[in-house]
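If you're matching positions, the sequence shown starts at 146 in the working numbering and goes up one per residue. C-beta: ideal position from N, C-alpha, C; glycine also. Here's the structure we're looking at; comments come further down.
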Amino acid sequence: MKIRNIAIIAHIDHGKTNLTDALMRQTGVAEVGVSMDSDVLERERGITIYSKNTSVFYRGTKINIVDTPGHADFGSEVERVLRSIDSVILVVDVQEGPMPQTKFVLRKSLELGLKPIVVINKIDKPAARPEWVKDEIFTLFMELGANDEQLNFSTVYSVAKDGIAKLNLKDDSKDLSPLLDVIIKEVPVASSDKLNQEPLRAQSFNLGYDNFMGRLAIGRIYEGVIKSNSNVFVKKLSGETMTGKITKLFTFNGLERQEVDEAFAGDIVMIAGLPDIYIGETICNDPSQEALPAINIDEPTISLNFLVNNSPFGGKEGKLFTSRQIRERLAKEIEVNVGLKIDFSLNDYFKVYGRGELHIAILLENMRREGYEVQVSKPQVVFKEENGTKLEPFEEITIDVPSEMTGVVIEKISRRKGIMTDMRSKQGHTIIIFEIPTRGFLGYRGEFMTNTRGEGIIYSRVIGFRPHVGEIEHRTVGSMVSMTDGKSLGFSLWNLQERGELYIGPGEEVYEGMVIGNVSKGKDMAVNPTKGKELTNMRAKGSDEAIALTPPIKLTLEKGLETMNDDEYLEITPGNIRLRKQFLTEIDRVRIKRQEKSKI
Ligand SMILES: Nc1nc2c(ncn2[C@@H]2O[C@H](COP(=O)(O)OP(=O)(O)OP(=O)(O)O)[C@@H](O)[C@H]2O)c(=O)[nH]1
Ligand SMILES: [Mg+2]
């Protein structure tokens, strides 16, 4: 059987997963309702977090498909996948047109010499503008330096959610065969008898983990035949050559993995038995074989500390909270989470390095659902030193705002050391691109939403390390800190809500040092949220029923990570997310501040 390998790439939400699911349905490898977004968090959030493999069969060909995530925090995952396939389907929303992530994934594909197939999706939308989108895509190809062959891309129109594709908008089509036919016509065949005769060379591009089989490598066989129960050599990135034995071998059949004795050149396989294998390493039968070109893995840009939850409520809700349990969980995570790095050598905490706040938030969310309790410190940017120069990560941010709001946004971003690189206006909207140090950008999203009254859209993507730009002034928001233990009362919250936004409602347990809200003006404020109504006030203030409490702002993981201050911890348990001061009593906080001052 012939094999073809493709990846589906796009900006977030443009319909990659719907298209992959529909391809599986049409070719009979999956039933209605089965989705590539199989992870619980993926379903809840409606986004793809992990890139995943599937395969479909069409006209005597096996098409291996990798569905990739569209969110920029997972961008490095897409890059890895692109190294291991032969063509991409670039999905673009028929109304939005090319977006920041479209540009990024297309640029990577073109650089690798891939010839994309363009799918303009969601043509059922009332606001569809297919001609305009097609022109924009062509312009983008030109801007990104596509060669003649790449510029000559095929365009297919689709309604991915209904499993329909057509070559011309007027065509009558009931299924996806027009797209499948284009794939067969354009994607190079990866398999051949000649390749099967060559000595084995396979390369891993993704990792998996199984409780029984341990680490799994997902890789592509470039040449030769790979056999289960065979001894192999692994050419490590370090240059060393290790030996290993393949204990189990799988190919993909729809979403199922199918155990096989051997697999052939061109196919994508999952391999068990190589506990130390890493992304980009070459598996071969003959140690004198040359290693395949390495696959680059982006470095982490932020770090934060994971600690045992030592708050007064520590250990009440979770079943897993000891240092040892957290260590084991984190060790398991780095088996599969390629962008993550962890320093286990520190005494009081584990230092976790990741690619962005969402990357870390997903790990924390998974942990709390599994029953863990943990505390984390505020995410900090990772610095590097190269030839004596201090470097820091930068992001490219693209904002899309109603034109009258550009002034305030430009001012705020400039203050955070963002530099404008492009600005265009379109029908009352302005799209601006900035380059900004990650350090300046952290914590800006919330402010942006407030400044644009929720009408602005912002995308960010790490673009690499650049020289450190010096001090950046940050507007810190003060915290309302409880000065006592007890249960919050509506009356005291009613008094406090004028001073800022509250994170708790009435009747909630609080402890001394817990942050119960923020302060709109000024510094931290010690408050008593448990105070009852004083009798003398009763008549003057009216009756209790008249208290109108503004609904509290629920702290989510992402919001907590974004808004927390340097001297706070985010306390994460299966049932709650709380902010707290690292030092719970005000006396301790004052003492520490004084000590720090005297050091300077
Ligand atoms: N109207 C319309 N909506 C669609 C179509 N295809 C997908 N959608 C919707 O678009 C949204 C995103 O679809 P997904 O397939 O999850 O998009 P994605 O590109 O995989 O998203 P990420 O993986 O998170 O980047 C969902 O709400 C779909 O229902 C379509 O053809 N027409
Ligand atoms: Mg998806």
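Go through its chain and collect everything with a Cβ distance to residue i's Cβ below 6 angstroms, but skip five positions before and after it.
| i | result |
| --- | --- |
| Thr-597 | Val-546, Met-550 |
| Lys-390 | Asn-376, Gly-418 |
| Val-250 | Ile-154, Val-223 |
| Tyr-203 | Thr-172, Leu-325 |
| Asn-163 | Ala-305, Lys-306 |
| Lys-686 | Unreliable positioning characterises Lys-686 in this predicted model, as indicated by a pLDDT of 46, which lies under 50. The coordinate reading is nonetheless provided below. Excluding residues within five positions, none has a Cβ falling inside 6 angstroms. |
| Thr-534 | Pro-612 |
| Gly-650 | Pro-697 |
| Met-463 | Before going further, note that residue 463 is Gly rather than Met in the sequence given. Gly-516, Tyr-517, Glu-518, Thr-718, Pro-719, listed in sequence order. |
| Ala-272 | Gln-240 |
Once you ignore the five residues that flank residue i on each side, which residues in its own chain have a CB closer than 7 angstroms to its CB?
| i | result |
| --- | --- |
| Arg-725 | Ser-456, Gly-658, Met-659, Val-660, Glu-713, Tyr-714, Glu-716 |
| Ile-737 | Phe-728 |
| Thr-681 | Caution applies to Thr-681, whose pLDDT of 48 falls short of 50 and renders its modelled position unreliable; the model cannot decide the point. |
| Ser-548 | Ser-570, Gly-573, His-574, Thr-575 |
| Thr-566 | Ile-578, Phe-579, Glu-580 |
| Ile-282 | Val-237, Pro-243, Val-263 |
| Thr-629 | Glu-657, Asn-673, Thr-675 |
| Lys-279 | Ile-265, Thr-300 |
| Thr-388 | Asn-376, Phe-378 |
How would you label residue i, buried or exposed, when you count the other beta carbons within 10 angstroms and need 16 or more for buried?
| i | result |
| --- | --- |
| Pro-538 | buried |
| Asn-351 | buried |
| Ser-383 | exposed |
| Thr-284 | exposed |
| Pro-432 | exposed |
| Val-177 | exposed |
| Arg-188 | exposed |
| Met-287 | exposed |
| Pro-524 | buried |
| Gln-434 | buried |
| Leu-694 | exposed |
| Leu-235 | buried |
| Thr-718 | buried |
| Thr-165 | buried |
| Phe-219 | buried |
| Arg-514 | exposed |
| Asn-482 | buried |
| Ile-194 | buried |
| Met-169 | buried |
| Gly-662 | buried |
I'd like to check one pair, residue j with residue i: are the Cβ atoms closer than 8 angstroms?
| i | j | result |
| --- | --- | --- |
| Gly-359 | Pro-420 | yes |
| Asp-326 | Ile-309 | no |
| Ser-637 | Val-655 | no |
| Gly-645 | Ser-627 | no |
| Ile-371 | Val-414 | yes |
| Phe-489 | Asn-450 | no |
| Ile-722 | Thr-701 | yes |
| Ser-624 | Asn-511 | no |
| Ala-347 | Ile-422 | no |
| Val-379 | Phe-395 | no |
| Tyr-517 | Arg-474 | yes |
| Lys-147 | Thr-206 | yes |
| Val-521 | Leu-509 | yes |
| Tyr-498 | Leu-437 | no |
| Pro-261 | Ser-254 | yes |
| Ile-544 | Ile-507 | no |
| Gly-585 | Ile-617 | yes |
| Ser-196 | Pro-214 | yes |
| Pro-344 | Asn-430 | yes |
| Leu-186 | Ile-505 | no |
| Arg-500 | Ser-221 | yes |
| Pro-582 | Val-614 | yes |
Can you name, in chain order, every residue of its own chain whose Cβ lies under 8 angstroms from the Cβ of residue i, other than the five neighbours on each side?
| i | result |
| --- | --- |
| Lys-477 | Tyr-354 |
| Asn-704 | The question names Asn, but residue 704 in the sequence shown is Lys. Once the five neighbours on either side are set aside, the close Cβ partners of Lys-704 are Gly-591, Ile-698. |
| Met-594 | Gly-601 |
| Trp-277 | Gly-242 |
| Glu-331 | Ser-232, Lys-260, Ile-262, Ser-299 |
| Gln-403 | Phe-395, Thr-396, Phe-397 |
| Val-226 | Ala-152, Ser-196, Val-211, Thr-213, Phe-350, Asn-351 |
Next item on the list: Entirely within the region 217 to 256 and at least 4 residues each: give me those alpha helix (DSSP H) ranges in chain order.
Entry: 220 to 227, 245 to 256
Notebook entry, point to check: With distances taken from each beta carbon to the nearest heavy atom of ligand 2, which residues come in below 5 angstroms, in chain order?
Noted result: Lys-161, Thr-162, Thr-193
Check: What residue ranges within the region 294 to 380 form continuous alpha helix (DSSP H) runs of no fewer than 4 residues, ordered along the chain?
Finding: 322 to 331, 338 to 342
Margin query: As an exercise, report each continuous beta strand (DSSP E) stretch of at least 3 residues that is fully enclosed by the region 382 to 459, in chain order.
Written below: 386 to 390, 393 to 398, 401 to 404, 413 to 417, 427 to 429, 447 to 452
Item checked: Whole alpha helix (DSSP H) elements within the region 536 to 562, 4-residue minimum -> Whole alpha helix (DSSP H) segments, 4+ residues: 551 to 560.
Margin query: List, from N- to C-terminal side, the alpha helix (DSSP H) runs of 4 residues or more that fit wholly inside the region 474 to 533.
Written below: Taking only runs of at least 4 residues, the alpha helix (DSSP H) segments lying wholly in the region 474 to 533 are 502 to 514.
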